[in-house]
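Visitor: Here the sequence shown is numbered in the numbering used here, starting from 14 and rising by one per residue. Before I ask anything, let me first share the structure, which is written out below as structure tokens.
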Amino acid sequence: MNKNFVNFMRKYAGHKIAVAVSGGVDSVALLYWMAEIARGDIVCLHVNHGLRAAAETETQYVRDLCKKLNVPCHVFYWNGEKPETGVEDAARLARYKMMTDFCHENGIEFIATAHQADDQIETFLMNLGRGSGVYGLAAMRGEGLMNGIKIIRPLLSVFRRELRAFCDSRGIRYFSDEMNDDPHYTRVRIRQNRHLLSEKLGISDERILTAIENLGRVRGERELNLGALVRRVVRGNRAVFDETFLFDLGDDIRLKFIGTIIRRIGGDRYLPRLDSLLRATEMLRADCKFTLGHCTVRRLRGQILVVPEGEKTSFRKKHGKKYIQKFK
């Protein structure tokens, strides 16, 4: 068993943890390792999206595997109409919704997912290709939050080759998703060509992981300060602040600041895209009004207001008192 995984899991000892298991090599190995170190403190969650012919076969395999490991197993089905476009994003949202609802209902605080080191490097390279700053290049977090449940990723320092070797050496069965080999997807093209970084440029996977970890520390430090800034300007479902406050911030902090406010007020899961935020901050250098991320953003005489889309863009509260934040 990988020591990085063991060290990561120490802080969660004694907690009830749900393990997301698809039937692929990563999640199957994770289930085995979790069953070994957590013993009776885990439950398996499996979502059948009904999108592939082998879905029911994989579901039955996960059930049988859990029975073998003496791990409770709960299966969820994604029923109803499926979108014609964006089905992957819709499936992911549905999957997390079903799993987090189960955790809320059963008093479980954590869901462990099988994102591993190769996923982390691919995410970094995808974000690098988009021109992301520190926040995007720091890639996935070891612990995040989804629908009020903490998502933990104990395999981010473990490469898939180790997980596959673990399963293969013990004759443990697992399934492969054909989409993982479809070059139509950017992540797959990166996966198929990532070896060139090491072979042609001498940039090893381990060095990339080290860079990601360093960026993660920088992100953490900045977010402590950024969170305090956002809390100072957001009141309920609106934010109002002086434009000099926004443009006194550094470029990357400015984008994260306005993006975080829009995400919080608009209720989206992710920040707006980088190009959208860049356009927004340029527009905010003069009086303007526009929508972004289910919010209406307005600048008037040096003041900036963010409210949910469809609400009045007044800088005054109902009782008529000025609702403006200025900062020295």
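Just so you know, even glycine gets a beta-carbon here, dropped at the ideal spot from N, CA and C.
Taking 7 Å as the limit between beta carbons, can you name the residues of its chain near Asn-68, skipping five residues before and five after?
Guide: The residue asked about is misnamed: residue 68 is Ala in this sequence, not Asn. Taken in chain order, the residues that qualify are Asn-61 and His-62.
Visitor: Among the candidates Phe-260, Val-247 and Phe-254, whose CA atom is the shortest distance from the CA of Leu-277?
Guide: The sequence as given places Arg at residue 277; Leu does not occur at that position. For Arg-277, the nearest C-alpha among the options comes from Val-247.
Visitor: Kindly indicate which residue of Ile-55, Leu-297 and Val-319 has the alpha-carbon position closest to the one of Val-84.
Guide: Ile-55
Visitor: Counting Cβ pairs, one atom from each stretch, are 3 or more of them under 8 Å apart for the region 75-94 and the region 42-50?
Guide: yes
Visitor: Just to confirm before moving on: does the CB-CB distance between Leu-176 and Val-38 stay below 8 Å?
Guide: If you check the CB distance, Leu-176 and Val-38 come in under 8 Å.
Visitor: CB-CB under 8 Å to Phe-115, same chain, minus the five flanking residues each way: which ones, in chain order?
Guide: In chain order, Ala-31, Leu-58, His-87, Phe-89 and Ile-121 place their CB closer than 8 Å to the CB of Phe-115, counting only its own chain and leaving out the 5 sequence neighbours on each side.
Visitor: For Leu-343 versus Met-153, is the C-beta distance shorter than 8 Å?
Guide: Because residue 343 is not part of the residues shown, which for the chain are 14 to 341, the question remains open.
Visitor: Run through the region 248-336 for me and flag every whole beta strand (DSSP E) of 3 or more residues, listed as ranges in chain order.
Guide: You should have 251-255, 301-305, 308-313 and 316-321.
Visitor: Pairs of beta-carbons, one from the region 149-167 and one from the region 97-115, closer than 8 Å: are there three or more?
Guide: Yes: at least three Cβ pairs fall under 8 Å.
Visitor: On the DSSP bridge assignment, give the partners of Lys-163 in chain order.
Guide: Phe-123 and Leu-158
Visitor: On the DSSP bridge list, what partners appear for Cys-86?
Guide: Cys-57
Visitor: Using a Cβ-Cβ cut-off of 8 Å (strictly less than) and excluding sequence neighbours within five positions of Tyr-283, which residues of its own chain qualify?
Guide: Arg-276
Visitor: If contact is defined by three or more beta carbon pairs under 8 Å, each pair taking one atom from either stretch, is the region 314-331 in contact with the region 244-260?
Guide: yes
Visitor: When every heavy atom of the ligand PLP is checked, does at least one fall within less than 7 Å of the C-beta of Thr-72?
Guide: Although the ligand PLP was asked about, the structure shown includes no ligands whatsoever.
Visitor: Assuming Glu-71 contacts Phe-188 under a Cβ cut-off of 8 Å, what Cβ separation, rounded to an integer in Å, is found between them?
Guide: 5 Å
Visitor: Measuring straight from C-alpha to C-alpha, what distance separates Glu-324 and Pro-285?
Guide: 20 Å
Visitor: Among Phe-328, Leu-64, Ala-127 and Glu-322, which has the Cα closest to the Cα of Glu-191?
Guide: Leu-64
Visitor: Just mark Lys-335 as buried or exposed, buried being the case when its beta carbon has 16 or more other beta carbons within 10 Å.
Guide: Any reading at Lys-335 is ruled out, since the residue's pLDDT is 43, under 50, leaving its predicted position unreliable.
Visitor: Skipping 5 residues on each side, what residues in its chain have a beta carbon closer than 7 Å to that of Pro-167?
Guide: Closer than 7 Å at Cβ, skipping near neighbours: Phe-18, Phe-21, Met-22 and Ala-125.
Visitor: Tell me whether Phe-172 sits in a helix, a strand or coil according to DSSP, three-state version.
Guide: coil
Visitor: Grab the span of the alpha helix (DSSP H) containing Ala-67 for me, first residue to last.
Guide: From DSSP, Ala-67 is part of no alpha helix (DSSP H); its letter is neither H nor E.
Visitor: Unbroken beta strand (DSSP E) runs of length 3 or more, entirely within the region 180-207: which are they?
Guide: none
Visitor: Could you tell me the boundaries of the alpha helix (DSSP H) in which Ala-51 lies?
Guide: 38-51
Visitor: By Cβ distance below 7 Å, which residues in the same chain neighbour Glu-234 in space, the five residues on each side in sequence not counted?
Guide: Correct list: empty, nothing qualifies.
Visitor: Just to confirm the assignment, what range does the alpha helix (DSSP H) spanning Ala-241 have?
Guide: 218-246
Visitor: For His-28, which residues in the same chain have their Cβ closer than 8 Å to its Cβ, ignoring the five residues on either side in sequence?
Guide: If the five residues before and after His-28 are omitted, its C-beta is found closer than 8 Å to the C-beta atoms of Asp-54, Glu-122 and Phe-123, all from its own chain and listed in chain order.
Visitor: Could you give the DSSP three-state label for Val-32: helix, strand or coil?
Guide: Val-32 falls in the strand class under three-state DSSP.
Visitor: Can you tell me whether Ala-178 is buried or exposed, with buried defined as 16 or more other CB within 10 angstroms of its CB?
Guide: Counting Cβ neighbours within 10 Å, Ala-178 comes out exposed, since fewer than 16 surround it.
Visitor: Going by other Cβ atoms of all chains shown within 10 Å of its Cβ, with 16 needed for buried, is Ala-241 buried or exposed?
Guide: exposed
Visitor: Exposed or buried, Ser-40, counting other C-beta atoms within 10 Å across all chains shown (16 or more means buried)?
Guide: buried
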